[in-house]
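Novice: Below you'll find the structure I mean.
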Amino acid sequence: MAVIASLVARSYKPKAETIPLIRSALKFYRFGAYVTGSLLLLLVVEMIAKYGFHSVFQLGGSSGFIGIVPWEASGAHNWVTGVDLSTGILIVHGWFYVVYLFSDFTLWSRMRWPFVMFILIALGGVVPFLSFIVEHFVARQVRRELAELEKSGPAATTPKTSTATAEAAN
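Sequential numbering from 167 applies to the sequence shown in the numbering used here.
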């Protein structure tokens, strides 16, 4: 927890007028993190079945609605007669990881965090279970910073003019 706080210690803070944008970016990021994390867990199950048990999942075909069929690494026997769910999981996870990276970038840029935070958040979609953990800490940090920003109010984010400049304007 102190690590995240030290990583986001910076001179630039989000602007008060971007609070609604940050809230929507946080929702989008949380959605992306949960979907990517779930698909990554499915991908792990698929890899264990494929390389540990030499089986793949199929939708429809000769084994019923959802079935497990043998898989040969050489491709000598093609037992998949329906839709290959194993390949589908790979493709869908890959595309949702791109969505996850986009949501990461959106939140990172609106929060005005250092680039290291972008990389750490991006790693959440690569390591199983990590997206759920990273999402928890990132969402908490965003909420904390938003609360501080709302507490300081819009007056804290506007540039202060000197009294000499104010008098000259009158």
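All residues carry an ideal CB built from backbone N, CA and C; glycine is no exception.
Computed from a prediction, not measured in an experiment: that's the story for all the values here.
1. Would you call the stretch 186 to 206 and the stretch 260 to 274 touching, i.e. three or more CB-CB distances under 8 angstroms?
2. Would you kindly check if the distance between the Cβ of THR272 and the Cβ of ALA182 is under 9 angstroms?
3. Hey, quick one: how far does the beta strand (DSSP E) through PRO236 stretch, first residue to last?
4. What are the uninterrupted segments assigned as alpha helix (DSSP H) that are 4 or more residues long and contained completely in the stretch 256 to 289, given in chain order?
5. If you draw a straight line from the C-alpha of GLY226 to the C-alpha of GLY233, how long is it?
6. Are the Cβ atoms of ILE188 and VAL308 separated by less than 9 angstroms?
7. Using only the alpha-carbon positions, how far apart do VAL300 and VAL222 sit?
8. What does PHE194 pair with, by DSSP beta-bridge criteria?
9. Just verifying my parser: in three-state terms, what is the DSSP assignment at PHE223?
10. I'd like to confirm the pairing. Which residues does DSSP put opposite VAL249 in its beta bridges?
11. So, under 8 angstroms CB-CB, VAL210 and PRO294 are touching, yes? Tell me the CB distance rounded to an integer number of Å.
12. Considering only the alpha carbon of each residue, which of THR247, PHE231, VAL258 lies closest to LEU337?
13. Out of TYR195, LEU206, LYS193, which one is the CA nearest neighbour of LEU296?
14. How would you write the range of the alpha helix (DSSP H) that GLU311 sits in, first residue to last?
15. Indicate the three-state DSSP secondary structure (helix, strand or coil) for TYR200 in the structure shown.
16. Could you check whether MET277 and PRO180 sit closer than 9 angstroms to each other, using their CB atoms as the reference points?
17. Measure the C-alpha to C-alpha separation of PRO186 and PHE262 and round it to an integer number of angstroms.
Specialist: The relevant details are as follows:
1. yes
2. no
3. 232 to 236
4. 281 to 289
5. 7 angstroms
6. yes
7. 30 angstroms
8. None; PHE194 has no bridge partner.
9. strand
10. LEU225
11. 5 angstroms
12. Past the edges of the chain, shown from 167 to 336, lies residue 337, and the structure says nothing about it.
13. LEU206
14. 296 to 318
15. helix
16. yes
17. 24 angstroms
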